[in-house]
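Below is one structure, written out as C-alpha cells; the observations come after it.
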Amino acid sequence: MITRRFLDFPDFGWKNPFEEMDRVRRYLDQVLGQADAGYRIPQAGVFPLVNLTETKENYILRAELPGVNAEALDIQATGRNINISGQRTIEPDPNARYHRRERESGRFSRALTLPGDIDREKIEAQLTNGVLTLTIPKSEKARPKQIQIKG
Amino acid sequence: MTNEAQSRDMQVKGKQEAAGAEQTRPGPVFIPSVDIFENENGITLMADMPGVATDDINIDVRENTLTLTGEIKPFENADETDILVEYETGQYYRQFTLPELVDQEKIDAQLKDGVLTLVLPKAEAAKPRKIEIKNN
Numbered sequence: 001m002i003t004r005r006f007l008d009f010p011d012f013g014w015k016n017p018f019e020e021m022d023r024v025r026r027y028l029d030q031v032l033g034q035a036d037a038g039y040r041i042p043q044a045g046v047f048p049l050v051n052l053t054e055t056k057e058n059y060i061l062r063a064e065l066p067g068v069n070a071e072a073l074d075i076q077a078t079g080r081n082i083n084i085s086g087q088r089t090i091e092p093d094p095n096a097r098y099h100r101r102e103r104e105s106g107r108f109s110r111a112l113t114l115p116g117d118i119d120r121e122k123i124e125a126q127l128t129n130g131v132l133t134l135t136i137p138k139s140e141k142a143r144p145k146q147i148q149i150k151g
Numbered sequence: 001m002t003n004e005a006q007s008r009d010m011q012v013k014g015k016q017e018a019a020g021a022e023q024t025r026p027g028p029v030f031i032p033s034v035d036i037f038e039n040e041n042g043i044t045l046m047a048d049m050p051g052v053a054t055d056d057i058n059i060d061v062r063e064n065t066l067t068l069t070g071e072i073k074p075f076e077n078a079d080e081t082d083i084l085v086e087y088e089t090g091q092y093y094r095q096f097t098l099p100e101l102v103d104q105e106k107i108d109a110q111l112k113d114g115v116l117t118l119v120l121p122k123a124e125a126a127k128p129r130k131i132e133i134k135n136n
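Keeping their order, the protein sequence lines are chains Y and F.
Mapping of the first sequence onto the UniProt record's numbering: residues 1 to 151, in sequence order.
Mapping of the second sequence onto the UniProt record's numbering: residues 1 to 136, in sequence order.
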C-alpha cells in the first residue's frame, strides 16, 4: 500500500500527524488478520505525488510524471514555494477499440512549501524516465554551519 | 469528448500494490496503469512505469502470457534525509493473456517519458481478409 509519511518539518515543528492513525491501522490489521486489505490514506486529489529529501546544500524534490514531456510542464518558484503545473495529454485513437483505459489525462497543479529558504536562481530541473527531479539549493543562511570551538 | 477529458483536473491515483505477486526481490510491487486498444493491425498496450530505465524493463512472452516487470532503481543518495514521502518505489509487475492471433515474434516495445508502449501485431492469419466477389 501507499504510505504517506510526514517526517519532521523542522520549521513548522510538525511531528508526523499520521503516526497515531498508522498505529491504529496496524492494530486493526492485526486484529482482522488482513494486513493492508484495501486501506488507503485518503488523498486530497493531488497530482503528482512528490517525495522531498534534503542534503546539507540542497532540497531534492522528485515527482512521478509518466507521459508528461518537458514542454508540457511549468515550474515556478516564489519565495519558499514551488509550483509544478502542466498537462498530460493522451490522444485516444478514434479507430481503435479500447479493451482497457486506466491511464488518466488532464491538467494538474501542485504547490509545495519548502521548510527553509532557497536560492531560486540556481534551481535545476531534470526529467528522466517520467520522473521530475528538482535540485533546489538552500540559501546561504539556511545551511547548517559548522561552529569551530576555539581554544 | 476529447476536449471534455482534457479539461478535467487530474486526480492522483496512487500506485496500486499487487497482492500476492511472485517476488524475487524484497520491496513493494506495483501494478502499472495500462491502456489497451486494438485496431486492424494489432493490439497496442501503454503502461505507466515512471522511474524505470530501459534496461530495467523485462518483457516476457511465453505460451500466450505476456509478463511485464520493471524495477525502479532507488533515486536517493546516501546523504539525503527524507522530509516528505508520498510515494514508494519498488517493482512493477503485470501479466496479460494474449489472444493467439498475436504474432509474438514481431512485438515492438518503446519507452518514452516513463510510458512503455508495446505494439503487438496481429498474425497474418488473424487479419480480416476482404473477399472479392467475381462476376461471371
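No residue lacks a Cβ here, since even glycine has one placed at the ideal position from N, Cα and C.
For clarity, every value in this text was computed on a predicted model and none was experimentally measured.
My output table needs one value for residue i: the three-state DSSP class, helix, strand or coil.
i	result
residue 46 (chain Y)	coil
residue 120 (chain Y)	helix
residue 104 (chain F)	helix
residue 21 (chain Y)	helix
residue 160 (chain Y)	With chain Y covering only 1 through 151, there is no way to say anything about residue 160 (chain Y).
residue 124 (chain F)	helix
residue 145 (chain Y)	coil
residue 140 (chain Y)	helix
residue 81 (chain F)	strand
residue 60 (chain Y)	strand
residue 133 (chain F)	coil
residue 87 (chain F)	coil
Using a C-beta to C-beta distance shorter than 7 Å, which residues of chain F count as neighbours of residue i?
i	result
residue 60 (chain Y)	80
residue 93 (chain Y)	37 and 39
What residues in its chain sit with their C-beta under 7 Å from that of residue i, if we drop five residues either side in the sequence?
i	result
residue 4 (chain F)	Note that residue 4 (chain F) has pLDDT 43, beneath the 50 cutoff, so the model's placement of it is unreliable and the number below is only indicative. Hits under 7 Å: none found.
residue 44 (chain Y)	Interpretation of residue 44 (chain Y) is limited by its pLDDT of 48, a score under 50 that renders its predicted location unreliable; no figure is taken from the coordinates.
residue 126 (chain Y)	133
residue 64 (chain F)	97, 98 and 100
residue 122 (chain F)	41, 42, 101, 102 and 103
residue 99 (chain Y)	none
Given residue i, which residues of its chain have a CB within under 6 Å of its CB, disregarding the five upstream and five downstream residues?
i	result
residue 108 (chain F)	119
residue 83 (chain Y)	76 and 111
Just the chain Y side, please: which residues come within less than 8 Å of residue i by C-beta, in chain order?
i	result
residue 48 (chain F)	66, 67, 103 and 130
residue 34 (chain F)	100, 102 and 103
By alpha-carbon positions, which one of the options ends up nearest to residue i?
i	options	result
residue 72 (chain F)	F:31, F:96 and F:102	F:31
residue 145 (chain Y)	Y:52, Y:53, Y:47 and Y:57	Y:57
residue 142 (chain Y)	Y:149, Y:67 and Y:118	Y:118
residue 109 (chain Y)	Y:74, Y:80 and Y:93	Y:74
residue 94 (chain F)	F:129, F:60, F:85 and F:135	F:60
residue 116 (chain Y)	Y:107, Y:48, Y:54 and Y:122	Y:54
Which residues in chain Y sit within 7 Å of residue i, going by Cβ to Cβ distance?
i	result
residue 143 (chain F)	In the structure displayed, chain F extends from 1 to 136; residue 143 (chain F) sits before or after that span and is not available.
Counting only Cβ pairs nearer than 7 Å, list the residues of chain C close to residue i.
i	result
residue 52 (chain Y)	The structure shown contains no chain C; the protein chains it does contain are Y and F.
Which chain F residues are close to residue i, counting only those with a beta carbon under 9 Å from its beta carbon?
i	result
residue 111 (chain Y)	Ordered by position in chain F, no residue passes the 9 Å Cβ test against residue 111 (chain Y), which lies about 13 Å from the chain.
residue 97 (chain Y)	37, 38 and 39
Apart from the five residues just before and just after residue i, which ones in its own chain have a Cβ nearer than 8 Å to its Cβ?
i	result
residue 114 (chain F)	48, 49, 50, 51 and 52
residue 34 (chain F)	45, 46, 47, 48 and 94
Indicate, with yes or no, if the ligand MN has a heavy atom lying under 8 Å from the CB of residue i.
i	result
residue 57 (chain F)	Looking at this structure, you won't find the ligand MN or any other ligand, since it has none at all.
Along chain F, in chain order, which residues have C-beta atoms closer than 8 Å to that of residue i?
i	result
residue 135 (chain Y)	Here the premise fails: no neighbours, minimum Cβ distance about 11 Å.
- Item | Residues of the segment 84-115 of chain F with Cβ closer than 7 Å to any Cβ of chain Y, in chain order | So the close ones are 84, 85, 86, 87, 88, 113, 114 and 115.
- Item | Interface residues of the segment 60-86 of chain Y facing chain F [CB-CB below 8 Å] | Within the segment 60-86 of chain Y, 60, 62, 64, 65, 66, 67, 68 and 69 place their CB atoms closer than 8 Å to a CB of chain F, listed in sequence order.
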